[in-house]
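Down below is the structure, laid out as structure tokens.
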């Protein structure tokens, strides 16, 4: 083959002169054009070495090139430069002597032992390149020395993972690479073997911490050529493409080097990480040690993928490369270049060690992306400013998605248990900020009206389905309230709506809406439900609060317990009712889960046509009730507003109701007591009387005068029969006698002349002389 010069041609085609190289078995590759003509815009942007960058994948492992390939490359890149891969695959290494400094360094390193071999000049001034063959069983990496104060002043020994352009390539300066006289492959014959001093400087040690660490790792099915891995990553990730080129040209800085090692090792490609490290002259014993430790750690404590943002990429750059931005629970972008080279199987392997599933790894991975908390035997997930029920179902779905074909029920249960244990909170650690109301557009400081940004640190499991707008009004609600409520009860209803938004329990009050027929109480109940949100409400009958531990569990983390059209069944006990209204700790249980204790803050709101009877006649019971009577009756005629509920529950209307509720809550906070108008006081007295069987019996069946008398036995039997006829449970005779004398202190109990015991001052209407 003759030397070929670029004699003024505007568009040389160096590959055309390379067919004779193929006859010698040289694995020629195409490199980019010296002025980037015919190259893609992406290549022009990322390539920092015009005329030298390989254009095909897998070039480092190429051992042969065919004439057909060469012909195809000429069609695809007519003006591409020819290159020769270096390293074990091709069997060649090179010496790049750049300028006078390079010659001096060569003399120093070689001691004058520079064996004659293939040689050509390059496009740089006073520069030349030597090509040697590699002895069998030796891997030679790049070695470089340079005077950084000067341009074109270095000595580089080129080996594994590198290549050199060869004549008749054209330099970016326009000069042509030329074989030295008598030193071309056709005249000289096979190149001389690399001298020993080169081998000593370039040889890769056979036993390294890297090899030792890799030998301890379990063999996996997925494997890939390390050079192809690097090429694939460089193709997908512009930043890696730049850093890979810099690594080959002399080496990136240590931080960048380590981050790319982490990317490759975490993706399961430790061999590619080793190749990336060794292509730089900076690779030394310390590099070997650090990489070995990194590989050894991966199986015991896997590295999280290095994020694109950590490598300095902007959100726009990440979106261009990945198409979709991934964020974690804190809104941080989590995209990683590792995603470009990791297979599904490699992703799943992060959750295993030596074939054994490690639930901690999957659990931690899920918790990196989502805020979760476990309390009251329930798992919550943070979404749109609130911890929502359904966390367990969500975690099961995530496990299925992340484990893929390794999904098993026991693995999901183990992961779920790990997460529940990791994010476990005592029930009283939730919703502790009583000065805040969680609404859709923020956290409202209800005393000041200031709106704060949602924050998962508040552990709020309650959010009202409302938007806070201090200018909003609710004309439909105002009209409705005036129509159905006693006028003096409207402030009380504002306070009920207000206290229902909070976790406050210090007022120890429950609410009952009463009245027969179509009177509006059902509509008000439905509006209150829409206002607080069904997800924040339980629906347990008053009678079940004391009788069913499973039912009590439903009150956990609820603002309201509403039950409409309460049955008139008498209350068997009132102990839990008092504890719940006071916010005292109660026990509860969910089916198939452990019992637990919590302090409820749900306000109790009921409606009933007929109030349930109770045998509890204490002040402690009755003082807890506010009873609002609905005394107006409405008939559904032609002019009835069938869309009333819809009108009073629109988003805008409820924002206005929120402002009314805030007025009521602030009034309650200022006065420290509920507005108790005459209508509610009268209703409570009526309820007291209806439930005081002794007082009701006396009022209905007895006369109380100074000259009346009746035997104690006759009076009690009559009372007992009266209770049975009325569906009430009678008091014992002792409690009945005590209650009778409490109601009417003027009554005297005596036993005259040893006869039957008598009551003086009271008698039965049907037998006043007895």
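In this note's numbering, the protein residues as written are 25 to 794. Using N, Cα and C, we set each Cβ at its ideal position, and we do this for glycine too.
Boundaries of the alpha helix (DSSP H) harbouring residue 437: 433-446, taken from the DSSP string. Between the C-alpha atoms of residue 217 and residue 158 there is a straight-line separation of about 6 Å. Excluding the 5 residues flanking it on each side, residue 615 has same chain C-beta neighbours closer than 7 Å at 574, in chain order. In the three-state DSSP reduction, residue 717 falls in the helix class (H, G or I). Residue nearest to residue 457 within the set 404, 743, 479 is 479 (criterion: CA-CA distance).
Closest by C-alpha distance to residue 344, out of 361, 355, 334, is 361. If you check the CB distance, residue 519 and residue 691 come in under 9 Å. Under the three-state reduction of DSSP output, residue 316 falls in the helix class. Beta-bridge partners of residue 585 (DSSP): 562, 628. Collapsing the DSSP output to three states places residue 496 in coil.
Per DSSP, the unbroken beta strand (DSSP E) holding residue 55 starts and ends at 53-55. Residue 610 is bridged by DSSP to 622.
Within the segment 477-531, no run of beta strand (DSSP E) at least 3 residues long lies entirely inside it. The beta carbon of residue 105 lies closer than 6 Å to those of 38, 55, 75, 189, 193 in the same chain, with the five residues before and after it left out. Bridge pairing for residue 145: 152, 202 [DSSP].
Per DSSP, the continuous beta strand (DSSP E) segment holding residue 109 begins and ends at 105-109. Taken atom to atom, the span from the alpha-carbon of residue 537 to that of residue 605 is near 17 Å. In the DSSP assignment, residue 188 is bridged to 108. In the DSSP assignment, residue 466 falls within the unbroken beta strand (DSSP E) covering 466-469. The alpha-carbon separation between residue 715 and residue 781 amounts to approximately 27 Å. In this structure, DSSP gives residue 474 an extended state, which the three-state scheme calls strand.
Contact between the segment 416-428 and the segment 380-392 is present, with at least three C-beta pairs closer than 8 Å. Note on geometry: alpha-carbon atoms of residue 618 and residue 277 lie some 56 Å from one another. Separation of the CB atoms of residue 566 and residue 583 is rounded to 17 Å, and the pair is thereby denied contact status at 8 Å.
Put simply, the backbone Cα of residue 322 is about 7 Å away from that of residue 289. Under a 10 Å Cβ-count criterion, residue 96 is classified as exposed, with fewer than 16 other Cβ atoms of the shown protein chains found around its own Cβ.
Taking all protein chains shown into account, residue 753 has fewer than 16 neighbouring C-beta atoms within 10 Å of its C-beta and is therefore exposed. In summary, residue 476 is exposed, with fewer than 16 beta-carbon neighbours lying within 10 Å of its beta-carbon over all protein chains present.
Rounded to whole angstroms, the Cβ separation of residue 286 and residue 330 is 5 Å, and the two are in contact under 8 Å. DSSP lists 468 as the bridge partner or partners of residue 461. DSSP, reduced to helix, strand and coil, places residue 178 within a strand of the structure shown.
The bridge partners DSSP lists for residue 733 are 784. When the alpha-carbon of residue 264 is set against those of 281, 274, 250, the nearest one is in 281.
Residue 380 sits exposed, since fewer than 16 C-beta atoms from the chains shown fall within 10 Å of its C-beta. Relative to residue 620, the option among 138, 326, 609 whose CA is nearest is 609. Fewer than three beta-carbon pairs drawn from the segment 700-711 and the segment 762-770 are found closer than 8 Å, and the two stretches are therefore not classed as touching.
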